[in-house]
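Going down the list, the sequences are from chains V and Z.
Read in the working numbering, the first sequence has 99 at position 99, and its numbers run on one by one without any break.
Read in the working numbering, the second sequence has 53 at position 53, and its numbers run on one by one without any break.
Where a beta carbon is used, it is the ideal one built from N, C-alpha and C, also for glycine.
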Amino acid sequence: MKDHSPSHPNGNMNEHDKTTASALVPLESLLETPHKKVDLAELREKLAAGRGPAFWRTLDEAAESEHLKEYVEQEFPGLSGQIPQGVDRRNLLKVMGASLAMAGAAGCTKLPLESIVPYVRQPENIVPGLPMFYATAITNAGYAKGVLVESHFNRPTKVEGNPDHPASLGSTTIFEQASILNLYDPDRSETVLQRGGLSTWGQFTGAASLEAQSVGSRQGEGLAILTGLTTSPTFISQMNALLAQWPKAKWYTHEPSANPAVRSAAKKIAGRPAYVDYDFSQADVIVSLESDFLNAGPASLKNARQFAAKRGIDNGQTPVRYYAVESSPSVSGSLADHRFSVKSSAIPAMAYQLAKALGVASPDLAGTAPDWLAKVAEDLSSHKSRCLVIPGEYQPESVHLAAYAINAALGNVGTTVRLLESYIPETSSLEDLTSDLNNGHVEMLVIIEANPVYSAPASLNFEAAIRKARLVVRLGQHFDETSRWSHWHVPSVHYLETWTDARAFDGTVTILQPLVEPLYRGKSPHEMLSVLLGKPDATPHDIVKAYWQSTNPNGFDAFWKTSLHNGVVAGTAAAVLNAGGPVTLPALTPLESSEWEVTFQPDPTVGDGSWANNGWLQELPKPQTKTTWDNLIFVRPSDAEKMGLHNGDLLKVTVKDRSVTGPVWVTPNQAQGSVRIFFGYGRTASGRVGNKIGYSAYAIQDASLPYIAPATIAKVPGRYEIANTQATQSMEEREPVRAAEFAEFKEHPNFPTLEEKPVPKELSLYPESQWTYPNHKWGMTIDLNICTGCSACAIACQAENNIAVVGKDQVARGRHMHWIRIDQYYSGNGTLDEPVSYNQPVPCMHCENAPCEVVCPVGATVHSNEGINQMVYNRCVGTRYCSNNCPYKVRRFNFYLYSDWETESLKGMRNPDVTVRSRGVMEKCSYCIQRIQEVKIKAEKEDNRKIVDGEIITACQQACPTQAITFGDLNDPQSKVAQMAALKRNYSLLDDLNNRPRTTYLGNVRNSNEALRGQRGSNREG
Amino acid sequence: MAQLFRPSSNTIAKVSIVAVVLLASSTIGVAYMIDRGSWITNVQVAPEQPIAFSHKHHVKDDGIDCRYCHTSVETSHFAGVPPTETCMSCHSQIWNNVTATQPIRDSWASGKSIAWNRVHNLPDYVYFNHSIHVNKGIGCSSCHGNVAEMPLIYKVNTLNMNWCINCHRNPAQYIRPRAEIFNVAYQYPDNQAELGAKLVKEYHVQSLLDCATCHR
């Protein structure tokens, strides 16, 4: 297929489908209805008067708009528009008769003759049909997260966290899960290109060696090497060798998602390169100054695990209290006990005021601190050495210094805060490279992985600068924006294809091992450096092994095997550094005063843009907004009201003299006078999925104010279609989320079920004795108290269960296929701008009295004797009655052939234990039935032993960073899930329906500060 | 007014009623026979193979155990088809110069696999596991027939779902002692009902009829 429209990323619709799709109701007419009419002023009044719903997911839902009701009632909006007009009864009967006959005929198939192709020499440890797991790691901005990768016949199919790795602890983020799709991305670059024409690695190494000789004759003068951030010991030693050989060559790094202020501040604090690590397991009070510590950064999974343990309430402990100060709603902020919306540019001053309140010497400031800051300071000082203040990843150096000074003053250094040795080498920056290029100092530029033509701040005008180099060599996985300006492009390797090494945040080394030969003969960064060093034939395996052999000459073979097997190299954790002298806070240079500020951050799902061609991540509803396939501009409801903005209106954001235009998303909890925009979109050469979506935030980024900048904004005419997933799948006027204050919880541990009327069991029409569940009774609990809404579960489910990507157009019609969705609820308490937010993952409930089962005319969804609500694809005829009758709206239907049955490379990615669904078939969460069966078979073969609790782990449970999801056998009273289900704060969704769901929830508890009760937001109005 | 229908119309009407009934039932009958016949099910059909491999010769004459080649049948869902190396373990020494074994030597020399045609093929939405069946007392020949009498391998059972369900409803009728699993000439004893019931208890065999047992 040649024509791959971006809205069908897998190129998976055949020609016939395309014609049908184009005959659909135009998307605009569909979307205008629910979004246009929300009158924010009216809504505010309504919420203030207490007439609004207690919990709402979108502004439309809060407004209870008639249009939304119509939209939701259709379940799959716009479907009725597809029924041709003017069909009479006679023709309808003809068509139905013909369909019946043809459906019958389609049932008669002769299986095609297939072949079995065995090995010639079967590797010793391969058992055909059994998966193997290998330990390796994935890097992001240089830091590693350890993973275990599942491999079927040497095809990697699934990534899981490595429990032994300090930065994973067995969990993953969305990026590790989605990285498997990048490996099989059909748009990856496949060959060496010279000036866009086909070439070979041999020709490249020949040409590069000649160049290297000429550069070498001048001690490396004119040679510039640009990489991303790296912690790889082997790579750094290669670079050091190269720089030692050619002292005049220069090493530059460019990493758009890594704020250099974090490293420069740590260096000032420790007096040498350092990493500031936070221990949440010791902290009773946390103050975050715009840090998304549960979701971003190299230690996020460790932070999440520690935080979740401290937030536990079921063992009689008092949970941590968490104050979040931020300008835009973050994943971490959604769990805060108190969340204050403050402009990002005001946070440095706030940090200084907090420092002052805690007795840290700080420069005098104009203006007064908000009332709540004193209360927060009080809370901190009453928890000395048991609290921590964490600065934001994108805040300037001053905030990092102030946070450390506060921590030091509170005695936290040594308990909750420690300084670790840093392994990120000190290099020149992209700004230096640009000026060196412009001054004619660079003759040969070698770019390894970084994509500066796309992601350099616009103020650098890198696209003009790169042309000043005589020779540009690029190593990259895609022929992207930077490769277009390079004389040589060499395809790079995916991390599952190569040998390398990397360090975790705490210094622990993982040796990355390949699971598969490079699919497109890609070359690794090590090979690129080897070519420059005059050894073009060295393989990455030899290079990495030689490095480690040189550091561990004794007992190397055992060391090598153990390190590869465990996925961590023992004894490589960083030393804890002694704190330097006292930190002096520099005077603040406030941003030029401006009514508006714009804040820049990597997109929650596609990051800095390097993940843009990943369909899973594009289609993953973004945390907080639940929008897909776009980067939006966040505006506070009160600001939107003032400017007459609605969701989907276009807004022009101007920084200095550069501007971008993007669609508005009216976002509760966004700070007043602050708009948030995201990197990662507006790409032109990422591949068929990521190209030409949204605007590029880099186009207005100024290198001197990279993440927070004064701006002007203006509404411009026009509207934009936004694919939001929360408009559909509504459970309507019920209270799916239940929450309480910690004090209330102590008084009424059963708060979620206090007001609930128990449904008499005999109300059911079905005899109670019909299902006895004598063997297993599978069940799941989800702890809403620690769910961050990060969505790792949704991507893990997608990877495990071969879930298709449908494209933006289909998402807007409510046809996304995720088996687990994360609903975002707001509880107003009368405010539209500063509501409390709650996350609620919703997989299939596996009801004991399942409403879906009784309506299926063909028995395609039936109960198992273990209580699993089974979905039998080969029986399904697509009536969709089951979905219609499901009150939780968890069933998803293949309206078209969404699964890609054509693209060769994607076939290797699929989980062979799960059917790839075809068109016209219903699907939904199966509790990972393939994993249950696998363990059951294993246990039965082992002398029919009992299945151990925790032996069966669902994909969502395995990925969850906070371990909010528990799965197991409810028949076993000792199992963790049975204990969770027995907790008093356990409740089931829509239990008045007497469906008796097997998936139950644990209520959310907030530990608010009595002194600040009910107070949210520093600039609260209305 | 003249009669619209002649007297012969009565006969035509009666005959056509019978004819319609006969035609309809014979169409359904023929369709059913085609569906259950060997053209669709491939029962008794030996597909052409790259090598005229005889199970009869290797199993009956040479007495080679099933697991010599199908190595993973006790551990994995897939019984395994032997790599060329397994063939060469004998055929590098015996019958190493005849045309019949030439493809083996070619494969060994070139490193290119031998592509066998599947005899027993299930639809992709069916997940069958060999290991649990052989561990629970279902012998090879219960499904694959007596391969020791097959010069060319062919299917003896349809592998249709009703055939699977027949055993899953009442496993006792096909269970045999674990010692006899790989005995392809095994004959069920006269007291199978009794023995089967005993073995079902002993091996903890369940009658698994949930859809998700095989369909995921």
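Per DSSP, reduced to three states, the secondary structure at G682/V is coil, with no helix or strand assignment.
Among the bridge pairs identified by DSSP, D702/V is matched with L705/V. The residues H168, in chain order, have a CB closer than 7 angstroms to that of L208/Z in the same chain once the five nearest residues on each side in sequence are set aside. Membership of H338/V in the beta strand (DSSP E) is indicated by the continuous run H338 to S341. Rounded to the nearest angstrom, the gap between the Cα atoms of G392/V and Q549/V is 40 angstroms. Against chain V, the CB of N162/Z has no partner CB under 8 angstroms away; the residue lies outside that interface.
Not a single CB atom of chain V sits nearer than 8 angstroms to the CB of S207/Z. In the three-state DSSP reduction, C387/V falls in the strand class (E or B). Per the C-alpha coordinates, the member of N944/V, T831/V, A224/V and R311/V positioned closest to A469/V is A224/V. Just so you know, the alpha carbons of V192/V and D557/V end up roughly 35 angstroms apart. The beta carbon of N944/V falls within 8 angstroms of a beta carbon belonging to chain Z, placing the residue at that interface. Around the beta carbon of F5/Z, fewer than 16 other beta carbons sit within 10 angstroms, so the residue counts as exposed.
With respect to chain V, the C-beta atom of H58/Z has no partner C-beta closer than 8 angstroms.
Judged by pairs of C-beta atoms under 8 angstroms, the region 984-995 of chain V touches the region 841-858 of chain V, as three or more such pairs exist.
Bridge partners of Y547/V according to DSSP: none are assigned. Residue contact with chain Z for T903/V: absent (no Cβ-Cβ distance below 8 angstroms to any residue of chain Z). What F78/Z touches in chain V, judged by beta-carbon distance under 8 angstroms, is P128 and G129, going in chain order. Proximity of the region 864-884 of chain V to the region 110-128 of chain V falls short of the contact definition, fewer than three beta-carbon pairs being nearer than 8 angstroms.
Residue environment: N240/V is assigned as exposed (fewer than 16 neighbouring CB atoms within 10 Å of its CB, all protein chains considered). Residues of chain Z whose Cβ lies closer than 9 angstroms to the Cβ of I868/V are, in chain order, D210 and A212. The CB of Y873/V comes closer than 8 angstroms to the CB of Y125 and H215 in chain Z, given here in chain order. In terms of Cβ geometry, I803/V and T999/V do not form a close pair [threshold 8 angstroms].
Within the region 80-100 of chain Z, contact with chain V at the beta-carbon level (separation under 7 angstroms) is assigned to G80, V81, P82, P83, T84 and E85. Spatial neighbours of H152/V in its own chain (CB-CB distance under 6 angstroms, excluding positions within 5 residues in sequence) are listed in chain order as P131 and P912. For E597/V, no alpha helix (DSSP H) segment is defined; the enclosing uninterrupted segment is the beta strand (DSSP E) at W596 to Q601. The region 860-867 of chain V makes no contact with the region 831-838 of chain V, as fewer than three CB pairs between them are under 8 angstroms.
Distance from K375/V to A1011/V at the Cβ level is roughly 5 angstroms; contact confirmed, criterion being Cβ atoms closer than 8 angstroms. In summary, D185/V is buried, with 16 or more beta-carbon neighbours lying within 10 Å of its beta-carbon over all protein chains present. Spanning the alpha carbons of A141/V and L243/V requires a straight line of approximately 22 angstroms. P961/V is the residue among P961/V, T157/V, V1005/V and S1008/V whose C-alpha sits nearest the C-alpha of P166/V. Not one beta carbon of chain Z lies nearer than 8 angstroms to the beta carbon of D900/V. Secondary structure of A377/V (DSSP, three-state): helix. Close to chain Z, meaning a Cβ-Cβ distance shorter than 7 angstroms, is no residue of the region 981-1003 of chain V at all. In the structure shown, I12/Z falls within a helical segment according to DSSP collapsed to helix, strand and coil.
A residue is called buried once 16 or more other Cβ atoms fall within 10 Å of its Cβ, and M350/V is buried on that count. Going by C-alpha positions, R910/V is about 39 angstroms away from V1005/V.
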